[in-house]
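**Q**
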Amino acid sequence: MRALHKILVVDDDPVVGKSFNRVLSNKGYIVITAQNAKEALVKLQEGGYDAVFTDVRMPGMDGLELAERVKAKTPWTPVVIVTGYGTAANEARAKAAGVTAFLQKPLTPEMIEDSAMNALRGTTATLAPVVARIETRRVGAVDAEAVNVEVIVKENLLKNIALFMAAPFIGLLYAVLLPFVGMGLLTSMAVKALVTKVPAVGNVLTFLKTVGKFIAAPFLGLAFILLLPFVGMATLAWIGVRGLVTKARAG
């Protein structure tokens, strides 16, 4: 069974719609009519049409503006201008809007049938590049999303490697410093309690601080020497990870 084609005929003269229906109804077409452009836009929203035939001079919005709106929303829908007031300006505007044909009234049955066949024949050629552009945009969006996911995965992997490499150094540093930190806190608490109870001890403590700094200086220097390689290795590891992340993003 042959599929039926649904076309919309827009004309304020009901005779035009009846002529299309009489010629095309037995040739595989469903003809729907509208009296003006406003009514046509409502019907176009209610259901898809295979083609639109419209008059130019109508109350309210003219047929050329209707054609421009139809082509802007569904560029694959063929639009045929049918009018008894053909002018060079109207034809130029219709061509700019992308209409399929520009027919002059009065129309013969042969003109109606041929124009319908030609309009539907051009639908496939018009629709193909439109669908191709849509699919290209979809593929581009998917590719961009895949690239972003790949970069994120690489960044997470590199961060985990860096943390794994740095973990032993961080643990060693924590083990070395923890006793000194604990002793320092206990000493500070004891000194504060002693100063509170015996104010005269303050002068002695000032002297002891000076002596303590003098005695602690070598140990601080030794600690600095011991920790410097670990700090340098951690810095180099961080720089290497950043470089790998930058290359991954650029790739």
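Each residue of the sequence shown is one higher than the one before, counting from 286 in the working numbering.
Idealized CB from N, CA, C, for every residue including glycine.
Please read these numbers as outputs of a predicted model, since none were measured by experiment.
Could you work out which residue in Leu388, Tyr314, Asp297 and Ile510 is closest to Ala373 when comparing CA atoms only?
**A** In the sequence shown, residue 373 corresponds to position 88, counting from 1. If we check each option's Cα against that of Ala373, Leu388 comes out closest.
**Q** Using the rule of at least 16 other Cβ atoms within 10 Å of the residue's Cβ for burial, across every protein chain shown, is Val427 buried or exposed?
**A** For the purposes of this step, residue 427 is taken as residue 142 along the sequence shown, with counting starting at 1. No answer about Val427 holds up, because its pLDDT of 47 lies below 50 and its placement is not dependable.
**Q** Could you check how far apart the C-beta atoms of Asp340 and Asp296 are, in whole angstroms? I think they sit under 8 Å.
**A** Against the sequence shown, residue 340 aligns to sequence position 55. Against the sequence shown, residue 296 aligns to sequence position 11. Rounded, the Cβ-Cβ distance is 4 Å, consistent with contact.
**Q** My parser needs the alpha helix (DSSP H) runs of 4 or more residues fully inside the region 322–393; what are they?
**A** Runs of the alpha helix (DSSP H) lying entirely within the region 322–393, each at least 4 residues long, are 322–331, 348–358 and 373–382 in chain order.
**Q** With a threshold of 8 Å on Cβ separation, who are the neighbours of Ala382 within its own chain once the five nearest residues in sequence on each side are excluded?
**A** Residue mapping note: residue 382 aligns to position 97 of the sequence shown, counting from 1. Excluding sequence positions up to five before and after Ala382, its CB lies within less than 8 Å of the CB of Leu349, Ala352, Glu353, Lys356 and Val364, all in the same chain and listed in chain order.
**Q** Closest by CA to Leu392, which one among His290, Lys498, Asp335 and Arg307?
**A** Residue mapping note: residue 392 aligns to position 107 of the sequence shown, counting from 1. Out of His290, Lys498, Asp335 and Arg307, Arg307 has the C-alpha closest to the C-alpha of Leu392.
**Q** Using a 10 Å radius around the Cβ and a threshold of 16 neighbouring Cβ atoms, would you call Ala502 buried or exposed?
**A** Start at 1 with the first residue of the sequence shown, and residue 502 comes out as number 217. With fewer than 16 other Cβ atoms within 10 Å, it is exposed.
**Q** Around the C-beta of Tyr314, are 16 or more other C-beta atoms found within 10 angstroms, so that it is buried, or is it exposed?
**A** The count along the sequence shown starts at 1 and reaches residue 314 at position 29. Looking at its Cβ environment, which holds 16 or more other Cβ atoms inside 10 Å, Tyr314 is buried.
**Q** Any idea which residues DSSP pairs Thr318 with across the strands?
**A** To locate residue 318, count along the sequence shown from 1; it is residue 33. According to DSSP, which records beta bridges pairwise, Thr318 is partnered with Val294.
**Q** If you reduce the DSSP assignment to three classes, tell me which class Asn306 lands in.
**A** Residue 306 sits at position 21 when you count from the first residue of the sequence shown. If DSSP states are grouped into helix, strand and coil, Asn306 belongs with the helices.
**Q** Would you kindly work out how many angstroms separate the C-alpha atoms of Pro464 and Ile446, rounded to a whole number?
**A** What you label residue 464 is simply residue 179 of the sequence shown in a count that begins at 1. What you label residue 446 is simply residue 161 of the sequence shown in a count that begins at 1. Pro464 and Ile446 have their alpha carbons spaced roughly 29 Å apart.
**Q** Is Leu293 closer than 8 Å to Ala319 when the C-beta atoms are compared?
**A** Numbered from its first residue, the sequence shown carries residue 319 at position 34. Numbered from its first residue, the sequence shown carries residue 293 at position 8. For Ala319 and Leu293, yes; Cβs fall inside 8 Å.
**Q** Are there 16 or more other CB atoms within 10 angstroms of the CB of Thr495, so buried, or fewer, so exposed?
**A** Here residue 495 corresponds to residue number 210 of the sequence shown, with the count starting at 1. Per the 10 Å Cβ criterion, exposed.
**Q** Whose C-alpha, out of Leu326, Met346 and Pro344, is nearest the C-alpha of Val337?
**A** The count along the sequence shown starts at 1 and reaches residue 337 at position 52. With distances taken between Cα atoms, Val337 lies closest to Leu326.
**Q** Any idea if Ser310 is buried or exposed, counting beta-carbon neighbours within 10 angstroms, 16 or more meaning buried?
**A** Start at 1 with the first residue of the sequence shown, and residue 310 comes out as number 25. So Ser310 counts as exposed.
**Q** Given a threshold of 16 other Cβ atoms within 10 Å of its Cβ, counted over all protein chains shown, does Met343 qualify as buried or as exposed?
**A** Along the sequence shown, one-based indexing puts residue 343 at 58. With 16 or more other Cβ atoms within 10 Å, it is buried.
**Q** In whole angstroms, what is the alpha-carbon distance linking Val316 and Pro299?
**A** Working through the sequence shown from its first residue, we reach residue 316 at position 31. Working through the sequence shown from its first residue, we reach residue 299 at position 14. Each residue's alpha carbon lies about 13 Å from the other.
**Q** Apart from the five residues just before and just after Met346, which ones in its own chain have a Cβ nearer than 6 Å to its Cβ?
**A** In the sequence shown, counting from the first residue as 1, residue 346 sits at position 61. Counting only Cβ-Cβ distances below 6 Å, and skipping sequence neighbours, we find Ala322.
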